[in-house]
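Heads up, the thing below is written out as structure tokens.
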Amino acid sequence: MPSGAYNIGTGVETSVNRLYDLLLEISAEDLPPQHGPSKPGEQLRSCVDSTLARRTFDWYAQTDIHTGLEETLRSFATLIRSEHYSNESTG
């Protein structure tokens, strides 16, 4: 496998606000966003180009952002529950 850095992403720019909205929708939470001042040097926009990963590994995004976030939240929830139960049984 060739060494180096490979961007992995959809190639579609998604704002932090959009990510927040999706996470609220998926989690069924009702939490107001908390905005703060920009930090010096903070990157305001980003969209990764995964062309090198596609050329090298024939990789491309097969999961849309909503489904990916849903699966990620479910995975974290499972991990947190298992750690919680593990801590209860040992403590």
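Here our numbering is used: the first residue of the sequence shown is 214, the next is one more, and so on.
Note that beta-carbon positions come from the ideal geometry of N, C-alpha and C, so glycine has one too.
Of all the options the options, which has the alpha carbon lying nearest to the alpha carbon of residue i?
i      : options                        : result
Glu283 : Ser263, Gln247, Leu237, His297 : Leu237
Gln256 : Glu226, Glu242, Ser240         : Glu226
Met214 : Thr269, Ala290, His248         : Thr269
Leu244 : Ser259, Ser228, Tyr233, Lys252 : Tyr233
For residue i, collect the residues of the same chain with a Cβ closer than 7 Å to its Cβ; drop the 5 residues on either side in sequence, then sort them by chain order.
i      : result
Arg223 : According to the sequence shown, residue 223 is Thr rather than Arg. Around Thr223: Ala274, Ile278.
Ala266 : Tyr219, Asn220, Ile221, Trp272
Arg231 : none
Between residue i and the rest of its own chain, which residues show a CB-CB distance below 6 Å, the 5 nearest in sequence each way excluded?
i      : result
Thr280 : none
Can you grab the Cα-Cα spacing for the pair residue i / residue j, in whole Å?
i      : j      : result
Ser263 : Ser216 : 15 Å
Ser240 : Leu286 : 8 Å
Ser295 : Gln247 : 30 Å
Val229 : Ser299 : 33 Å
Legend entry - Whole runs of the alpha helix (DSSP H) within the segment 240 to 272, excluding any shorter than 4 residues: Runs of the alpha helix (DSSP H) inside the segment 240 to 272: 264 to 270.
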